[in-house]
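Asker:
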Amino acid sequence: MARLVVLALAALLTLAWVQITAPEHRSASSGGPRAVTRPAVADPPVGIELAGPDLAAVTTPLPVPATTPAPPPAPQKASPRHRRHAAGKHHRRGARRAHRHHRRAHHHRPNPWLHQGGRDIGWPQCPSDVGFRGHNGLGQPLPDAGVEFVVIGLTNGRAFTPNPCIDLHLSWVRSHHAQAAAYAFATYPTRAQLRRYRHHGPYDGRRHLGALANVGHATADFNVRLMRQHGFVTPHVWLDLEPSSSRPWSHRRSWNRAVVRGWVRGYRDAGYTVGFYSTTHLFDEIVGRLRLRLPEWRTAGPVSPRSALHMCRSSSFQGGPAVLAQWWTAHRDFDRMCPSSDPAATMARYFHQW
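In this note's numbering, the protein residues as written are 842 to 1195.
#1: Taking just the CA atoms, how far does W964 sit from Y1113?
#2: Would you kindly check if the distance between the Cβ of T1075 and the Cβ of A1023 is under 8 Å?
#3: Which residues bound the alpha helix (DSSP H) around L1165?
#4: Skipping 5 residues on each side, what residues in its chain have a beta carbon closer than 6 Å to that of S1182?
#5: Quick one, are the C-beta atoms of L1135 and V1115 less than 8 Å apart?
#6: Just to confirm, are S1119 and F1158 a CB contact at a threshold of 8 Å?
#7: Comparing C-alpha positions only, which one of G1107, W1138, D970 sits nearest to G1042?
#8: Determine which residues share a DSSP beta bridge with P1003 and list them.
#9: Would you call A1186 buried or exposed, if buried means 16 or more other Cβ atoms sit within 10 Å of its Cβ?
#10: Under 8 Å: do the segment 1024-1036 and the segment 988-996 share three or more Cβ pairs, one atom per stretch?
#11: Anyone know if the C-beta pair for W1168 and W1079 falls short of 8 Å?
#12: Check whether the segment 1090-1106 touches the segment 1052-1071, counting contact only when three or more Cβ pairs, one atom from each stretch, lie closer than 8 Å.
#13: Rounding to the nearest angstrom, what Cα-Cα distance links D1110 and S1012 in this structure?
#14: Given L1133, which residues of its chain have a CB within under 6 Å of its CB, disregarding the five upstream and five downstream residues?
#15: Indicate the three-state DSSP secondary structure (helix, strand or coil) for A1185 in the structure shown.
#16: Nearest to H1092 by CA position, among I1127, A1099, D1062, is which residue?
#17: What three-state label does DSSP hand T1140 in the structure shown?
#18: Using a 10 Å radius around the Cβ and a threshold of 16 neighbouring Cβ atoms, would you call G959 buried or exposed?
#19: Could you compute how far the alpha carbon of R1147 sits from the alpha carbon of C1006?
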């Protein structure tokens, strides 16, 4: 009976303890920041073992402060040495870009050689549908504005064939007020030409060399009449002496010399001064060591302008002074007057101002 009383008393004490601790559990589980006030509880009687939750389990936990994220580290300032290095690097990079831009600008700058000095034009500057069979124009460009002088071809690549675009070329010279001279291409005569002209001229046509010279004289007369017909005024004619694929020169240089001598005399008889366009190699190949000591128009080929002007100081191919130096590209022929003590007088001696 006593044991039952003790058990009943323990049950009552346990129930009372649960009622006291229940609010504390609800407060702890609610998650809020509210504080909990516990009522004072008497110690259990000695010798009685209380059944119920452990006291450590109902101890109110201390609030944990909210975690604040750490701020990002501040950027480190570069030291003065680093700043100088960075500035120098960008400066050098900018300088390199500027240098490249300058080089590109210099490369694309208009070529002054296109607009200064002179040009020579002829049948290659004719349209491709103009000319005679197998020798039409090449459609190459006419000179650029600003060219000082032009040498115009009278022939279409061989003797007794007129330049089909001579009116077009003279019109360009007049409209641009350029100075102009003439050049003519010479070739060895055909048999038909030799029969036709052998007795028409200042030489004895009964001899073969005289007949050849008369054909050369007739060639010059043909070109003189062409100039007068088209109103081409010039004091000087350049004789273009070079190999021809359509009218090959003779293997006998004495025969070729006879043609050239008659050629020169024909222009002189008409009142023109005469000079030669050629090179030492080509001139010697065609006529040998002929020394007429006439003015020379020297060609250097596809070289630089500076190299071409060196031709003015090179040796003569027939004993005459250097007047013009020429170089060329795929589509243009360029010319410069060689240095002289009186450039204006030299220009007037060889060109007509339009």
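Where is the CB? At the ideal position from N, CA and C, for every residue including glycine.
Answerer: To lay it out plainly:
#1: Rounded to whole angstroms, Y1113 to W964 spans 22 Å at the Cα level.
#2: Judged by beta-carbon spacing, T1075 lies within the 8 Å limit of A1023, meaning their Cβ atoms are closer than that value.
#3: Element bounds for L1165: not the alpha helix (DSSP H) but the beta strand (DSSP E), 1163-1169.
#4: No residues qualify anywhere along the chain.
#5: Against a cut-off of 8 Å, the Cβ pair of V1115 and L1135 comes out as a contact.
#6: Taking a C-beta distance under 8 Å as the contact criterion, S1119 and F1158 qualify as a contact pair.
#7: When only C-alpha atoms are compared, the closest one is G1107.
#8: P1003 pairs with T996.
#9: Taking a 10 Å sphere around the C-beta of A1186, we find fewer than 16 other C-beta atoms and assign the residue as exposed.
#10: Contact between the segment 1024-1036 and the segment 988-996 is present, because at least three Cβ pairs lie under 8 Å.
#11: W1168 is not a Cβ neighbour of W1079, given a cutoff of 8 Å.
#12: As far as the Cβ criterion goes, the segment 1090-1106 touches the segment 1052-1071, which means the pair count is three or higher.
#13: Their backbone Cα atoms lie some 28 Å apart in a straight line.
#14: Around L1133: Q1159.
#15: In this structure, DSSP gives A1185 a helical state, which the three-state scheme calls helix.
#16: Ranking I1127, A1099, D1062 by Cα distance to H1092 puts I1127 first.
#17: T1140: strand per DSSP, three-state reduction.
#18: Label assigned to G959: buried.
#19: Each residue's alpha carbon lies about 31 Å from the other.
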